[in-house]
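Okay, structure first, notes after.
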Amino acid sequence: MVSFRTSLRRGFDRVERCLDLAFGTDWNPLAHLGSIGWFLFWVVVVTGVYLFIFFDTGVSAAYDSVRRLSTVHWWHAGLSRTLHRYASDLMVVVMFTHLIREFAMERYHGPRWFSWVTGVPIIWFVYLSGITGYWLIWDKLAQYVAITTTELVDTLGFLGQPIARNFLSPDMLSNRFFTLMVFLHIAIPLILLMLMWIHTQRITEARTHPPKGLAFIIIVALVTASLVIPAPMQAAADLRTVPQSINIDWLLLGLYPLVEMVPSGVIWGGIAAFTLLLIGMPWIPANSGDRPAEVFLEHCNGCERCVQDCPYEAITLEPRSDGAHFRFEVAVNSRKCVACGICMGACPSSSPFRRKGDLITGIDLPDYSLAKLHDRIIEVSESPSAQVGSSRVLTLACSHGAGGQPAVARVEVPCVAMVPPSMVDFIISRGLADGVCLVGCAARECHNRLGKKWTMLRLAQQRDPYLRARIPRERVLTVWAGPTEENYLESEIDAFAARLNEMPGYENVRQMVRKDIAKASNFVSSERGKK
Amino acid sequence: MSNRFYQIVFGTILSFVMILGTAILSSGLVWQSLPADYALLRLSFIESGIRDCRNQTKAELAELPQNMRREQVCASRRAPVYVELDLNGETLFAQNLPPTGLLGTGPSRVYQRFELPAGNYDLTVRLRNDPAKIEFTKIMTRQLSLKPAQSFVIDYKEEAGGFVFN
Chain A
1 MVSFRTSLRR
11 GFDRVERCLD
21 LAFGTDWNPL
31 AHLGSIGWFL
41 FWVVVVTGVY
51 LFIFFDTGVS
61 AAYDSVRRLS
71 TVHWWHAGLS
81 RTLHRYASDL
91 MVVVMFTHLI
101 REFAMERYHG
111 PRWFSWVTGV
121 PIIWFVYLSG
131 ITGYWLIWDK
141 LAQYVAITTT
151 ELVDTLGFLG
161 QPIARNFLSP
171 DMLSNRFFTL
181 MVFLHIAIPL
191 ILLMLMWIHT
201 QRITEARTHP
211 PKGLAFIIIV
221 ALVTASLVIP
231 APMQAAADLR
241 TVPQSINIDW
251 LLLGLYPLVE
261 MVPSGVIWGG
271 IAAFTLLLIG
281 MPWIPANSGD
291 RPAEVFLEHC
301 NGCERCVQDC
311 PYEAITLEPR
321 SDGAHFRFEV
331 AVNSRKCVAC
341 GICMGACPSS
351 SPFRRKGDLI
361 TGIDLPDYSL
371 AKLHDRIIEV
381 SESPSAQVGS
391 SRVLTLACSH
401 GAGGQPAVAR
411 VEVPCVAMVP
421 PSMVDFIISR
431 GLADGVCLVG
441 CAARECHNRL
451 GKKWTMLRLA
461 QQRDPYLRAR
471 IPRERVLTVW
481 AGPTEENYLE
491 SEIDAFAARL
501 NEMPGYENVR
511 QMVRKDIAKA
521 SNFVSSERGK
531 K
Chain B
1 MSNRFYQIVF
11 GTILSFVMIL
21 GTAILSSGLV
31 WQSLPADYAL
41 LRLSFIESGI
51 RDCRNQTKAE
61 LAELPQNMRR
71 EQVCASRRAP
81 VYVELDLNGE
91 TLFAQNLPPT
101 GLLGTGPSRV
111 YQRFELPAGN
121 YDLTVRLRND
131 PAKIEFTKIM
141 TRQLSLKPAQ
151 SFVIDYKEEA
161 GGFVFN
């Protein structure tokens, strides 16, 4: 499972690198699947509302109105119908790609269960929306869909009489059935919208619309493709005959041939098993993830930076409870915290320069504390192999990108934004390295959503906590590279080392005292002993 | 020209190709639901089996209040309906259809489909709604000529005199 997932993740990374070239890293569609899904939903809604103006409900009126809008009014209503159909199909493609990608990135365990589980009913409601839509046209495909669907539903046996009987002969089908279908085709997408809204709760700055440029590209491509291949209409439904060969929509109706081929029990069992498997995945295997962040009130002044920077809305501001003269304190919701450490990087108390007492900050990770990071950095910098050419480069790498594997002079962290800017200052001003390389995920998307954004803003002194001005910016390198870009990372580090070699040494170095180095080494050894 | 211009061009071309692929999957591939020279025969109806009824004795009636004295009392559960369908003298379907509902108070129902090669058939369909009797309640026989893609339905409506062919 792990190697399969790793292969899948690396596969995605390679495809995304190609798409980076075609679209640019900020418009890469694979990094915006959720927001593209939203965008397509709104395309479907707008075109659907427009089509409703021209649509008549009724056994023969439905087909006639759709044929009229597809022929006489092809350039606006017919185009809307094709857009409506292809955008719905694309939603299926986007939805499953999103699901597989989140699986590959392992973003469904632990506190992320909520987004994963709430995504499962969305799958079925997208299908139900599509199925009820096909029904309305009342052509041969609609007849096939109506009969196959009702025959499958009837096998559940909970309805008073088989609904498939409505389609036995022309005189058994009433116009009111179409009114019901129109109602369902409006009600189901409304429920879908509500589910999509629930799906995006629990995350900060949820992206519900793609970048404008990407949206423009998608709409231009959709309109062009719709003009090139307009959505076809099949012959009018006729209940005296049975559809034999049908051009089915393999994206929205791909299960229908299977429904015909296997017993209904297998279909319902398969649907139930697939749904339960998806819902249960966050707990398979049982979650053994890192423990959530902890607050240390004696070092927290309630400044709110961690609240603003948390990508998962896991930290809230609460009234002060310890009698200190600050108005607020922060509290961590352990059910939402994914232990990315971004809060630690945001905390102004996360200063490695402190020499008295233990290195404790206002908000810290139990499994990867500021003290541990500090001591690990010192240990790595002391290693003789930390030299790259004639310069010493210390790399702080996010474990989800190209720097995710252990290497010389490299310290891995859950997210690059976990590293407080003062730590970069500390490394350079204490002479632990000539330069610091911060390595994050690929530029297109941060594994923890906002790590790249906050890191860049902190280094650019646009978001607290800043990297102090005394640290020359040319001594800090940021590299954004996905898991398959190890060679690119190596070449960037080599080039950085060569540039550092050309520079005069940093003049404000204050070397660490030996006892601090010894203390750090002892801490790291004892941590290893515990493991 | 800037990278962005090329990205818009290449991005649009790639998206266009992707959407064309989607369009082909959406409507370009045919599914043969039923072989070309086949027709569909469906047997579907809703019919109630009889209920077990008996006349009350005079003593039983005397014990009841005036307004509840009915000559006949019936069990709420209905009997199953038995149906047989023969084609060219061979039984295609024969089943006891149990009453619906948790307590068996509802009518029996059937919806069965048969895919048949187009052609001529001798069709006989029989129904019995009282299991205590040996003879069938209704029997109907007819010559059936099925054309390719034809949908032929056998229904049952008591008020229409029995089996109805659509």
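Which chain is which? The protein sequence lines are A and B, in order. Per this note's numbering, the first sequence starts with residue 1, numbered consecutively. Per this note's numbering, the second sequence starts with residue 1, numbered consecutively. We put the beta carbon where it would ideally sit given N, CA and C, even for glycine.
Against chain A, the CB of N3/B has a partner CB under 8 angstroms away; the residue lies at that interface. The Cβ of L102/B sits no closer than 8 angstroms to any Cβ of chain A.
For F326/A, the closest C-alpha among the options L297/A, V393/A, A498/A, S88/A is that of L297/A. A contact is defined here as three or more CB-CB pairs under 8 angstroms, and the region 184-204 of chain A fails this definition with respect to the region 3-20 of chain A. Chain-ordered listing is empty here: chain B has no CB closer than 7 angstroms to the CB of Q405/A, the nearest sitting near 31 angstroms. For S108/B against G161/B, the beta-carbon gap comes to about 19 angstroms, at or over 8 angstroms, which does not count as contact. Taking 8 angstroms as the CB threshold, G11/B lines the interface with chain A. When Cβ pairs closer than 8 angstroms are counted between the two stretches, the region 50-67 of chain A is seen not to touch the region 15-33 of chain A, the count staying below three.
Look at R109/B here: in three-state DSSP terms it is strand. The CB of Y86/A comes closer than 8 angstroms to the CB of I19, T22, A23, S26 in chain B, given here in chain order. Cβ atoms of N166/B and L152/A stay farther apart than 8 angstroms, at about 22 angstroms. With fewer than 16 other CB atoms across the displayed protein chains lying within 10 angstroms of its CB, N67/B is exposed. When beta bridges are read from the DSSP output, Q143/B appears opposite D122/B.
Y38/B is bridged by DSSP to P117/B. V419/A is the residue among A31/A, T118/A, V419/A whose C-alpha sits nearest the C-alpha of G345/A. Under the 8 angstroms Cβ criterion, the region 480-493 of chain A does not count as touching the region 372-382 of chain A, having fewer than three qualifying pairs.
Between the region 105-125 of chain B and the region 137-153 of chain B there are three or more inter-stretch CB-CB distances shorter than 8 angstroms, so the stretches are counted as touching. When only Cα atoms are considered, D86/B and P29/A end up about 59 angstroms apart. In this structure, the alpha-carbon of R107/A lies about 15 angstroms from that of R10/A. With a threshold of 8 angstroms between beta carbons, Y144/A makes contact with chain B.
Residue environment: E502/A is assigned as exposed (fewer than 16 neighbouring CB atoms within 10 Å of its CB, all protein chains considered).
For S35/A, same chain residues with a beta-carbon under 8 angstroms away, outside a window of 5 residues either side, are R207, T208, H209, P210 in chain order. Cβ neighbours of H84/A within its own chain (closer than 7 angstroms, five residues either side excluded): V44, T47, G48, L51. Looking at the backbone, the Cα of E445/A and that of T71/A are separated by about 44 angstroms. For W31/B, the enclosing beta strand (DSSP E) covers residues 30-32. One Cα belongs to Q511/A, the other to S429/A, and the distance between them is close to 8 angstroms. Fewer than three beta-carbon pairs drawn from the region 2-9 of chain B and the region 78-94 of chain A are found closer than 8 angstroms, and the two stretches are therefore not classed as touching. As computed with DSSP, T91/B is found in a beta bridge with D86/B. For R78/B, the beta-bridge partners assigned by DSSP are R51/B. S35/A has a beta carbon lying at 8 angstroms or more from every beta carbon in chain B. Taking D52/B as reference, the option from R78/B, R70/B, A59/B with the minimal CA-CA separation is R78/B. Taking 7 angstroms as the upper bound on Cβ-Cβ separation, chain B lies near residues R240, T241, V242, P243, Q244, S245, I246, N247, I248, D249, W250, L251 of the region 240-254 of chain A. Around the CB of S76/B, fewer than 16 other CB atoms lie within 10 Å, so the residue is classed as exposed. DSSP places T118/A in the uninterrupted alpha helix (DSSP H) bounded by 113-137. Look at the region 368-421 of chain A and you find these whole runs of alpha helix (DSSP H), each 4 residues long or longer: 370-382. Within the model, the alpha-carbon separation for Y86/A versus D155/B is close to 40 angstroms.
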